[in-house]
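The opening residue of the first sequence carries number 241 in this note's numbering; numbering runs sequentially from there.
Cβ coordinates follow ideal geometry from the N, Cα and C atoms, glycine included.
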Amino acid sequence: MSGVRVRFAPSPTGELHIGGARTALFNYLFARSAGGDLVLRIDDTYLERSRSDYIEKLITSLRWLGLEWDEGPYYQSNRLAEYTREAERLLADNKAYRCYCSAEVLADGRSEARQENRAYLYPGTCRNLNEDQEEAFRKAGINPVIRLLTPDQGVTMVQDQIRAEVSFENAYLDDFIIIKSNGLPTYNFASIVDDLQMGITDVIRAEEHLSNTPRQQLCANALGYDLPRFAHVPMILAPDRSKLSKRHGATSVEEFYAEGFLPEALVNYMALLGWSPGAGGEEEIFTLDEMVKRFDLNKVTKTAAIYDVTKLGWMNGHYMREYDLDKLTEIAVPFFEQKDLVKSPLTENDFNYLKQIIATVRERVKTLAELADASAYFYHDRFEYDEKGISKHFSKDNTADYLLRVAEELQKLEPYDKESIEALYKSISENLGVSTGRLIHPTRLALTGRTAGPGLFEIMTLLGRERTVERLKKAAQYILNN
RNA sequence: GGCCCCUUCGUCUAAUCGGUUAGGACACCAGCCUUUCAAGCUGGCAACAGGGGUUCGAAUCCCCUAGGGGUCACCA
Numbered sequence: 241m242s243g244v245r246v247r248f249a250p251s252p253t254g255e256l257h258i259g260g261a262r263t264a265l266f267n268y269l270f271a272r273s274a275g276g277d278l279v280l281r282i283d284d285t286y287l288e289r290s291r292s293d294y295i296e297k298l299i300t301s302l303r304w305l306g307l308e309w310d311e312g313p314y315y316q317s318n319r320l321a322e323y324t325r326e327a328e329r330l331l332a333d334n335k336a337y338r339c340y341c342s343a344e345v346l347a348d349g350r351s352e353a354r355q356e357n358r359a360y361l362y363p364g365t366c367r368n369l370n371e372d373q374e375e376a377f378r379k380a381g382i383n384p385v386i387r388l389l390t391p392d393q394g395v396t397m398v399q400d401q402i403r404a405e406v407s408f409e410n411a412y413l414d415d416f417i418i419i420k421s422n423g424l425p426t427y428n429f430a431s432i433v434d435d436l437q438m439g440i441t442d443v444i445r446a447e448e449h450l451s452n453t454p455r456q457q458l459c460a461n462a463l464g465y466d467l468p469r470f471a472h473v474p475m476i477l478a479p480d481r482s483k484l485s486k487r488h489g490a491t492s493v494e495e496f497y498a499e500g501f502l503p504e505a506l507v508n509y510m511a512l513l514g515w516s517p518g519a520g521g522e523e524e525i526f527t528l529d530e531m532v533k534r535f536d537l538n539k540v541t542k543t544a545a546i547y548d549v550t551k552l553g554w555m556n557g558h559y560m561r562e563y564d565l566d567k568l569t570e571i572a573v574p575f576f577e578q579k580d581l582v583k584s585p586l587t588e589n590d591f592n593y594l595k596q597i598i599a600t601v602r603e604r605v606k607t608l609a610e611l612a613d614a615s616a617y618f619y620h621d622r623f624e625y626d627e628k629g630i631s632k633h634f635s636k637d638n639t640a641d642y643l644l645r646v647a648e649e650l651q652k653l654e655p656y657d658k659e660s661i662e663a664l665y666k667s668i669s670e671n672l673g674v675s676t677g678r679l680i681h682p683t684r685l686a687l688t689g690r691t692a693g694p695g696l697f698e699i700m701t702l703l704g705r706e707r708t709v710e711r712l713k714k715a716a717q718y719i720l721n722n
């Protein structure tokens, strides 16, 4: 075994969106390609905003995407004692200290710094308090925070797997808080303590954490642990290049599911956002297993990517067309149900019928939701005739007569199948001295209400003789009445 | 504003250590196929942010500028 251990550590303050999902995916690909383990950890120390239903949704989303983890979920809220213990150790070693400064004083300092156009750095007011002073603060009922004692000089170097060496001047890093006055750890502390204690070898996360990394390294050093390797993957941006957020372009995995995207397509698309197999490789369609084989952190881009729904749509359509028909039908059922087209459980006959519909309709749609929409007329005739279609195909002379003629002949047709119907249309049009299109177009409009769709004779076969004839007569009637 | 990261077609990206007509995919346009719409096939349009260096030669190395993003919380 490689000994590689990575983690995906979301905070349950919202639904998993494409950015987080891609981070999970890269961790998964890295772990699998190295023969290592993936740990799922829930960073839920932000009590006010963490919600348990988000945790469930998150797990559902990860499973749906097919990203199985090996350990966890672990919860930071169950590990509070560890953070306290590690912080006490630092206190005992004089590598951290209690700070009694009030929020107001800190806020004043910050606004002052802002006015002077410089970054605020905690001035170290409480660095060297003596016992008496601390005792006095305690008596006054002030709950202290714990701050890490950080070096004032020198450089903290982050070795990033994707960005090489990134150095930060310690002078710009202040004594930041590791334990809040309510006793809970801050993110930077809890995160690195967990990574260290859990033996994480590679921390793969979004670039927004790069600036926090030196702080975490300082914690690790003070605590006396070896550093994990770091890799900061580029962000995914909204179409206007701004940060993706819940209310700004960030579609959640659940929404993708609800819109009828296939997990294989979404995973494939996400992988290509910031990664490509490179080296002349021009294929873009990969199964998860193929991605595992080819994944390489060195091939991850440095540039933030804007995600483009159009390409995802194309890819989803591609997957739908290639998908095993039985499987596709199974996962499509809820979408048909939602539109009241079928009711589960389906009988074998119903399932097979649905299968035939999907086989032909999937050629021209991009999502499962569209698939159901585009199939509606196979289940009922409560549709309006397309307006342009009416003026184009219903308004010519004799159309009603033609439709009635076709209906009449169809009733006698034996056998009622694609080939015979096609032959019939040919002979009728010859007989009438008109082009087949003159018959075909109004027929399609009569049967589906639309001007576009699967091959007409296929539709007629699937609809069956009875419904076909009925709809033709209905359309003829409609034309005569208007 | 300080600090950090980034910059190839509209979008996602390729081009191992400097030498390519700068390649592919989506989108778009055209043609083919065809009963329609898709799909498919063929072709087309389209990029090295700008400026300086280094070099025989730079998308590739260095510097500057500009632009974008991130981060500076008792959020994660």
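| field | Residues that C339 bridges to, as DSSP identifies them | value | Walking along the first sequence from the start, residue 339 turns up at place 99. According to DSSP, which records beta bridges pairwise, C339 is partnered with V385.
| message | Given this structure, state the Cα-to-Cα distance separating V709 from A609, to the nearest angstrom. | response | For the purposes of this step, residue 709 is taken as the residue at position 469 of the first sequence. For the purposes of this step, residue 609 is taken as the residue at position 369 of the first sequence. Rounded to whole angstroms, the gap between the alpha carbons of V709 and A609 is 29 angstroms.
| request: Keeping to the same chain, check which residues put their C-beta closer than 7 angstroms to that of P252; ignore five residues upstream and five downstream. | output: Within the first sequence, the letter at position 12 stands for residue 252. I282, D284, S290, R291, Y294, I295 and L298, listed in sequence order.
| For the beta strand (DSSP E) that contains I440, what are its first and last residues? | One-based indexing of the first sequence puts residue 440 at position 200. Neither: I440 is in no beta strand (DSSP E) and is coded neither H nor E.
| request: Verify whether the separation of the beta carbon atoms of H472 and A430 is less than 8 angstroms. | output: Counting from one through the first sequence, the residue named residue 472 turns up at place 232. Counting from one through the first sequence, the residue named residue 430 turns up at place 190. Taking 8 angstroms as the Cβ cut-off, H472 and A430 do not qualify as a contacting pair.
| query | Can you name the residues that DSSP bridges to K595? | reply | The sequence position of residue 595 within the first sequence is 355, counting from 1. DSSP output for K595 lists no bridge partner at all.
| field | alpha helix (DSSP H) runs contained entirely in the stretch 263–332, provided each spans 4 or more residues | value | Runs of the alpha helix (DSSP H) inside the stretch 263–332: 292–305 and 320–332.
| query | Considering Q456, what are the terminal residues of the alpha helix (DSSP H) in which it resides? | reply | Walking along the first sequence from the start, residue 456 turns up at place 216. In the DSSP assignment, Q456 falls within the alpha helix (DSSP H) that extends over T453 to L463.
| Where does H488 sit, in a helix, a strand or coil, going by DSSP? | On the first sequence, residue 488 is found 248 positions in, with the first residue counted as 1. In the structure shown, H488 sits in a strand (DSSP, three-state: E or B).
| Is K542 helix, strand or coil when you go by DSSP? | The residue labelled residue 542 in the question sits at position 302 within the first sequence. Coil.
| query | Measuring CB to CB, does F535 end up less than 8 angstroms from F270? | reply | Residue numbering aside, residue 535 sits at position 295 when the first sequence is read from its first letter. Residue numbering aside, residue 270 sits at position 30 when the first sequence is read from its first letter. Between F535 and F270, the CB-CB gap stays under 8 angstroms.
| task | Note down, in chain order, each residue of its chain lying with its Cβ closer than 8 angstroms to the Cβ of K595, except the 5 sequence neighbours on either side. | result | Translated into positions along the first sequence, residue 595 becomes position 355. Within the same chain, L565, D566 and T569 come within 8 angstroms of K595 by CB-CB distance, once the 5 residues on both sides are set aside.
| said: Helix, strand or coil for F623? Go by DSSP, reduced to three states. | reply: Taking the first residue of the first sequence as 1, we reach residue 623 at position 383. Looking at F623 - three-state DSSP - the assignment turns out to be coil, as it is neither helix nor strand.
| field | Beta-bridge partners of Q399, as assigned by DSSP | value | What you label residue 399 is simply residue 159 of the first sequence in a count that begins at 1. E405, per the DSSP bridge assignment.
| field | Buried or exposed (CB count within 10 angstroms, at least 16 for buried), D442 | value | Numbered from its first residue, the first sequence carries residue 442 at position 202. The residue in question, D442, is buried, as its Cβ has 16 or more Cβ neighbours within 10 Å.
| request: Look at the alpha carbon of K632 and the alpha carbon of T600, and state the distance between them as a whole number of angstroms. | output: Position 392 of the first sequence holds residue 632. Position 360 of the first sequence holds residue 600. The alpha-carbon atoms of K632 and T600 are separated by roughly 25 angstroms.
| query | CA-CA distance, R387 and L331? | reply | Position 147 of the first sequence, counted from the first residue, corresponds to residue 387. Position 91 of the first sequence, counted from the first residue, corresponds to residue 331. In a straight line, the C-alpha of R387 is about 9 angstroms away from that of L331.
| query | Do you know offhand how far N721's Cα is from E255's? | reply | Counting from 1 along the first sequence, the entry for residue 721 is found at position 481. Counting from 1 along the first sequence, the entry for residue 255 is found at position 15. Taking the straight line joining both Cα atoms gives about 53 angstroms.
| said: Just to confirm the assignment, what range does the beta strand (DSSP E) spanning H633 have? | reply: By 1-based counting over the first sequence, the position of residue 633 is 393. Segment: none, H633 is in no beta strand (DSSP E) and carries neither H nor E.
| query | Quick one: Cα of V398 to Cα of P391, how far? | reply | As a working note, residue 398 is residue 158 in the first sequence. As a working note, residue 391 is residue 151 in the first sequence. Straight-line Cα distance between these residues: approximately 16 angstroms.
| message | Taking the straight line between their C-alpha atoms, what separation do you get for A545 and V507? | response | As a first step, residue 545 must be located in the first sequence, where it is residue number 305. As a first step, residue 507 must be located in the first sequence, where it is residue number 267. If I take the Cα positions, the gap works out to 15 angstroms.
| Nearest-angstrom Cα separation, counted from R711 out to V582 | Here residue 582 corresponds to residue number 342 of the first sequence, with the count starting at 1. Here residue 711 corresponds to residue number 471 of the first sequence, with the count starting at 1. One C-alpha to the other measures close to 21 angstroms.
| query | N383 to D415, Cα distance in whole Å? | reply | Indexing the first sequence from 1 puts residue 383 at position 143. Indexing the first sequence from 1 puts residue 415 at position 175. Straight-line Cα distance between these residues: approximately 18 angstroms.
| Distance, Y360 Cα to A353 Cα | Taking the first sequence and counting its residues from 1, one reaches residue 353 at position 113. Taking the first sequence and counting its residues from 1, one reaches residue 360 at position 120. Answer to the nearest angstrom: the Cα atoms are 5 angstroms apart.
| message | Considering only DSSP beta bridges, list what L477 is partnered with. | response | Taking the first residue of the first sequence as 1, we reach residue 477 at position 237. Paired residues: K483 and I546.
| request: Measuring alpha carbon to alpha carbon, tell me which of E522, R378 and D333 ends up nearest C341. | output: By 1-based counting over the first sequence, the position of residue 341 is 101. Checked all of E522, R378 and D333; the closest Cα to C341 is R378.
| Residue nearest to S421 in terms of C-alpha spacing, selected from G381, F575, T396 and I402 | Residue mapping note: residue 421 aligns to position 181 of the first sequence, counting from 1. The shortest C-alpha separation from S421 is found at G381.
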